[in-house]
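In full-length UniProt numbering, the protein residues as written are 1 to 310. Ideal placement from N, C-alpha and C gives every residue a C-beta, glycine not left out.
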Amino acid sequence: MAPRRAHPARTANPPKTPRNKARKRKSLTRSIPLDSFLVNFSVLPPRVSSTARPGKNKRNKRECSYHDILHPVATWTEFSLASCITKFGAALEDTQVHESPVEITPQKDDDEKAVSSELGVAEFTVRALTAHLNRGLRACRYRLLDRPGHEVAGIKADRIGLKFPAREIRVVGDTKVSWKWRSEWRHAPLDSHHDLEYRQVLSQVHSYMNANGCEWGYVLTDREFVAVERGDVSGDIRVGEAVAWEASGSWNVAFATSFLHALAAGDEWHQPQAARSRSAAVAQAKRRVGATGTGPRRSVRVAERAKRVM
1 MAPRRAHPAR TANPPKTPRN KARKRKSLTR SIPLDSFLVN FSVLPPRVSS
51 TARPGKNKRN KRECSYHDIL HPVATWTEFS LASCITKFGA ALEDTQVHES
101 PVEITPQKDD DEKAVSSELG VAEFTVRALT AHLNRGLRAC RYRLLDRPGH
151 EVAGIKADRI GLKFPAREIR VVGDTKVSWK WRSEWRHAPL DSHHDLEYRQ
201 VLSQVHSYMN ANGCEWGYVL TDREFVAVER GDVSGDIRVG EAVAWEASGS
251 WNVAFATSFL HALAAGDEWH QPQAARSRSA AVAQAKRRVG ATGTGPRRSV
301 RVAERAKRVM
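And the structure:
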């Protein structure tokens, strides 16, 4: 009989990852410009459940109402690829980011995995976008990262842009479903169902901005990303052109969200504490309108209510 081969002695604490595999993984990653890292982002929008039905968005008259948003809603024309390159062109070219892809778990074909609620949109966003967005922000050393709103006590926004080390909220985001809110409803007839739902969601984002003293916000659905900027008076907000999840190339969801967070990271604007409550903001708007004698056009219902109050 052949002699038995001696087995090598086992170590007490074997390495969790073999050195050759670790070396191989390291060799597969390389650094690329931030511009290329964002352009390479590609993800298909989630499937919508067959049980999805149109309906109304959240109502809370004490905190927000479509009455709060001026009509027509202004366009944030500066939120574009051209503006992004003008402001951050050097950083986009000079900042290096590890190319290792962000793993996105694909949805299964069964309807069980399809999006049927705002929670489903939030979960998809975390899997598809958050890691990619934060990796780019870290590379730029902005000290501002995308976080879930519940990470900070008392915050009702679904997503927040948190600035460190003070943990200051500079961006607020709201996740919605496409069968209850779409950017195209901005052009719906005044006081129609689509118009009211469109402004209702914007009023919700506006209330989060007021509560946290933010100048920037956004709405993110299973179809698109829409950036929001505060205007000069209460209820006057500007919205950027929608960016679809399936958009590819130089202006996609990763690029647009990175631009918004970069703006917020370098912004030192703070809302006066006295104007953070809804009642104080409305009173401030009335004083401004009274001083000028004119104000932005409101819907018929808001105009009638204002006459009764005055």
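* **Minimum length 3: unbroken beta strand (DSSP E) runs contained in the segment 154–198** => 159–163, 168–175
* **Which listed residue (Thr130, Ser234, Ile155) has its alpha carbon closest to that of Arg167** => Ile155
* Asked: Under 8 Å between the Cβ atoms of Lys61 and Glu197?
  -> no
* **Extent of the continuous beta strand (DSSP E) to which Asp232 belongs** => That residue, Asp232, is in no beta strand (DSSP E); it is neither H nor E in DSSP.
* Straight-line Cα distance separating Ser234 from Arg182 -> 23 Å
* Asked: Unbroken beta strand (DSSP E) runs of length 3 or more, entirely within the segment 40–128: which are they?
  -> 96–98
* **Ala153 burial status per 10 Å Cβ neighbour count (16 or more: buried)** => exposed
* Provide the residue(s) that pair with Val226 in DSSP beta bridges, ordered along the chain. => Val219
* Asked: In chain order, what residues of the same chain have a beta carbon less than 6 Å from the beta carbon of His194, not counting five sequence neighbours either side?
  -> Trp185, Ala188
* Could you tell me how far apart the beta carbons of Ala247 and Val226 are, in whole angstroms, since I believe they sit closer than 8 Å? => That belief does not hold up - the Cβ atoms of Ala247 and Val226 are roughly 13 Å apart, past 8 Å.
* Asked: Short check: CB of Ala82 to CB of Arg238, under 8 Å?
  -> no
* Asked: Should Gln200 be labelled buried (16 or more other beta-carbon atoms within 10 Å of its own) or exposed?
  -> buried
* **Inter-stretch contact at 8 Å, needing at least 3 Cβ pairs: the segment 61–70 / the segment 114–134** => no
* **8 Å contact criterion, which Ser65 and Ser203 should meet: CB distance rounded** => 6 Å
* Asked: Per DSSP, what kind of secondary structure is residue 323 in: helix, strand or coil?
  -> There is no way to answer for residue 323, as the model of the chain reaches only from 1 to 310.
* Endpoints, beta strand (DSSP E) assigned at Arg147 -> 144–148
* Leu145 versus Phe255 - alpha carbon distance -> 15 Å
* For the 8 Å Cβ check, are there 3 or more pairs between the segment 159–174 and the segment 257–265? -> yes
* Measuring CA to CA, which of Cys214, Thr95, Arg53, Val43 is closest to Arg138? -> Thr95
* Where DSSP assigns a beta bridge to Val239, which residues make up the other side? -> Thr75, Val228
* Quick one, which of Phe259, Lys113, Tyr142 has its alpha-carbon nearest Leu162's? -> Tyr142
* **Any non-hydrogen atom of the ligand NAD closer than 7 Å to Phe41 Cβ** => As presented, the structure is devoid of all ligands, the ligand NAD included, so that no description of it is given.
* Straight-line Cα distance separating Asp222 from Ser258 -> 18 Å
* Sub-8 Å separation of Val205 and Ser117 beta-carbons -> no
* Closer than 8 Å by C-beta to Phe88: which residues in its own chain qualify, once you throw out the five before and the five after it? Chain order, please. => Phe259, Ala262
* In the structure shown, what three-state DSSP assignment does Gly213 receive? -> coil
* Mind checking who Ser31 pairs with in its DSSP beta bridge? => His98
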